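Each residue of the sequence shown is one higher than the last, beginning at 2 in our numbering.
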Amino acid sequence: MLKRGFLHRISTKSYLTHDVESAETFKNPVILLKESEVVAASSHPTPATVAHRSQKPQDTTKPQAERISGAEAIVRSLENLGTDLVFGLPGGAVLPLYEALYSSTKLRHILVRHEQGAGHAATGYAQVSGKVGVCIATSGPGATNLVTPIADAYLDSVPLVAITGQVPRPILGTDAFQEADIRGITMPVTKHNFIITDAAQIPQVIAEAFHLAATGRPGPVLVDIPKDIQNTELDFVWPPQLELPGYRPVTTPHSRPIEQAIKLIGEAKRPVLYIGGGVIKANAAPQLLEFANHTGIPVVTTLMALGSFPDDHPLHLGMPGMHGTVAAVGGMQGSDLLITIGARFDDRVTGQTETFAPDAQVIHADIDPAEIGKIRPVDVPIVGDAAEVLAALLAEFKRQLPDGIDIGDWSRHVQGLKEKFPRGYVRTHDGLLEPQHVIETLSRIAGPEAVYVAGVGQHQMWAAQFIDFKNPRTWLNSGGSGTMGYAIPAALGAKAAAPEKEIWVVDGDGCFQMTNQELTTAAVEGFPIKVALINNGNLGMVRQWQTLFYDEHYSHTKLREQHEYMPDFVKLAEAQGCVAFRVTKDEEIEPTIRKAQEITDRPVVIDFIVGQDAQVWPMVAAGHSNSDIEYARGLRPFFDADPSVIEKQFEE
Ligand SMILES: Cc1ncc(C[n+]2csc(CCOP(=O)(O)OP(=O)(O)O)c2C)c(N)n1
Ligand SMILES: [Mg+2]
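Structural data, given as structure tokens:
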């Protein structure tokens, strides 16, 4: 098995590696980079297009050197790489950098209230724009506050560059004030990280960080820069040469596995397209639609892939996994061929791995070879960019299978599952709002052009289930890490990336209390995001597990008494410069959402008071087989049973 993040073999050489000596030790391919080549001209650059672009031949005109400080070189490099916005919060070890930012006319800096906010904002910015998100923090606690969003970006493969100040080199390693070995701390959660020990390397290292973050499988890269280096003058030359030994992401798939994949598709009776977040990163939604339409193969989209295929498409079976649809889960369990594109067999999708899709052969396409075969043995491995893979598969399908494939029985079967087990919810009758109803109303009013950003918990799963997605990059959430507190700052970054879009946060009352301070940032900096707060007074998802698996022992999940609004989120939001409403009645839901839509100069928070007993269904209990999925509590669809048995079960 390959270790993801191969570059650590270089970075573990020593605490202070990225020096000339270590670079020369490897016989490097040198990647040549021109101004603004790392971030693409198109609004949604893909990891593949960025990689192709940076392999173009070098401009032979000799660039002119300019004598500037290290701090100025950081700013200049960011500007030259096409960055227009950074999120951060200053401190002693980055003061020279902030001095340089003070005079920058091209780079806008958004001052967050907590560095975690900077990291998630940069993530939201990257997820909506497809460009690299940049965040800045000072040394020690500033840098460690970035660890959570960096780990989050790592698990969701988000192109992020984190720049941290470090104590001056002469006192490095002395437990100096605000010293933390942030390279060491973030080693397992970054695609790569650097510490700069020679000011002359600043342009090269920043450009390498961008290249690594954006190409191949995207991910976070950290650049730690001691304060004395920021103050040292250097001869600034642009463009720099990148030296990344062994780093050559494969984006174009080989023809052999493509041929083999189509051969398997031709033989399959029950194929399913298992689509993951890689399809969104590669901007491969058009290729996916074309492939599915041409072949007629049913599609499931994971939590990270929502929006890559229209929810209302007849071939769409929905989201698989722990809270997936019966059609998606049942479709995969019954499949004889999973055509996996940019997905990674996450345990929340597979349930118990030994019993997952037991009869299926597997085609697995991913830009990161380390993913292929990591969890599930693979019959046809394909390394490549999702858009290129899907285009190649379609061309080969047309060549090998001009008459198409006959999967009529299978299509009817999965269609039957969709019809028998539609989206729905059990009413709670507690007189309070139904959270699912709030979210489906929001989706109907804000529509598929809005961007939805969720926190983590029940509200996240209801948002995934009850919002009707049509377009990629309109659904942002913390999928791999499940980071509570992700949503408000990520939405701020999303609004910064797409000011013309309506940005709706669907947040939980627990999550909101972790990072709502960034509403102040949004208000002060002019990012009018909208928040639908699903206020159930509980850490609802944990409470649901306590209900189901811990005999209703509600150990420390209650955030407030049901009749007390504490904190008063309306007052809290107003104190932060937002407009805020509280909604307690069904008939107020729609007019309040519409009122919020009309407010475009400030953030808006709607505090929806919902019941505490609503649950997320369907559900596969953790570690159980997906075949044990329950459609509602105690109701199991038996996929192989006579349909009349299933129908009878749901009539009761
Ligand atoms: C930082 C962090 N801490 C703890 C958890 C575990 N956790 C998952 S969901 C959840 C409850 C979230 O509560 P809330 O935001 O109110 O959402 P709800 O489930 O009630 O909709 C918790 C504590 C987590 N995912 N992230
Ligand atoms: Mg809650």
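Even glycine gets a Cβ: it sits at the ideal position worked out from N, Cα and C. Here the structure is a predicted model, which is why all the values come from computation and not from measurement.
Query	Result
His193 in three-state terms, based on DSSP	strand
Distance cut-off 7 Å: Val301 Cβ against heavy atoms of ligand 1	no
Cutoff 7 Å; reference Asp710; Cβ partners in own chain excluding five residues on either side	Coverage of the chain is limited to positions 2 through 653, which leaves residue 710 absent and any answer about it impossible.
Buried versus exposed call for Pro321 [16 or more other C-beta atoms within 10 Å across all chains shown]	buried
Straight-line Cα distance separating Ala488 from Gly635	32 Å
Three-way DSSP call (helix, strand, coil) for Gly297 in this model	coil
Cβ-heavy atom distance, Leu243 to ligand 3, below 7 Å	This structure lacks ligand 3; the ligands present are ligand 1 and ligand 2.
Where Ile183 falls: helix, strand or coil (DSSP)	helix
Bounding residues of the beta strand (DSSP E) (the contiguous stretch that carries Ile600)	First-last for Ile600: undefined, no H or E at that position.
Backbone secondary structure at Asn627 - three-state DSSP	helix
For Thr124 and Pro150, believed in contact at Cβ under 8 Å, the rounded distance	6 Å
CB-CB length for His53 against Ala491, believed under 8 Å	Going by Cβ atoms, the distance from His53 to Ala491 rounds to 29 Å, so no, they are not a contact pair.
Alpha carbon of Tyr155 to alpha carbon of Glu420, nearest angstrom	37 Å
Option nearest Phe195 by Cα separation, candidates Pro221, Ala177, Thr216, Ala215	Pro221
Every unbroken beta strand (DSSP E) inside the region 230-267 [3 residues or more]	234-237, 242-244
Buried or exposed (CB count within 10 angstroms, at least 16 for buried), Val51	buried
Inter-residue spacing [alpha-carbon to alpha-carbon] between Ala633 and Asp157	29 Å
Sequence-distant residues of the same chain with beta carbon closer than 6 Å to Lys471, five excluded per side	Pro311, Pro449
N- and C-terminal bounds of the alpha helix (DSSP H) containing Asp348	348-351
The region 548-558 / the region 573-580 touching (three or more Cβ pairs under 8 Å)	no
DSSP bridge partner residues for Ala533 (one or two, in chain order)	Val507, Ile607
Residue(s) in a DSSP beta bridge with Cys136	Phe88, Ala163
Residue range of the beta strand (DSSP E) that includes Asp225	221-227
Spatial neighbours of Ser105 in its chain, beta-carbon cut-off 8 Å, leaving aside the 5 residues before and after	Val76, Glu80
Presumed contact (8 Å Cβ cut-off) between Ala344 and Gly409, rounded CB distance	No, Ala344 and Gly409 are not in contact; Cβ-Cβ is about 26 Å, not under 8 Å.
Length at least 3, wholly inside the region 351-379: the beta strand (DSSP E) runs in chain order	362-367
Range covered by the beta strand (DSSP E) that runs through Arg583	580-584
Heavy atom of ligand 1 within 7 Å of Asp510 beta-carbon	yes
Straight-line gap, Arg637 to Ser628 (C-alpha atoms, nearest Å)	9 Å
Contained beta strand (DSSP E) runs [length at least 3] in the region 449-527, N- to C-terminal order	452-455, 504-509
Any non-hydrogen atom of ligand 2 within 7 Å of Gly541 CB	yes
Validate contact between the region 440-454 and the region 512-522 using beta carbons, cut 8 Å, 3 pairs	no
Buried or exposed by the 16-neighbour rule on C-beta atoms within 10 Å, applied to Pro378	exposed
According to DSSP, residues forming a beta bridge with Pro382	His365
Closer than 7 Å: Asn537 CB and nearest ligand 2 heavy atom	yes
Identity of the residue in Gln117, Ser482, Trp476, Val606 nearest Ser309 by Cα	Trp476
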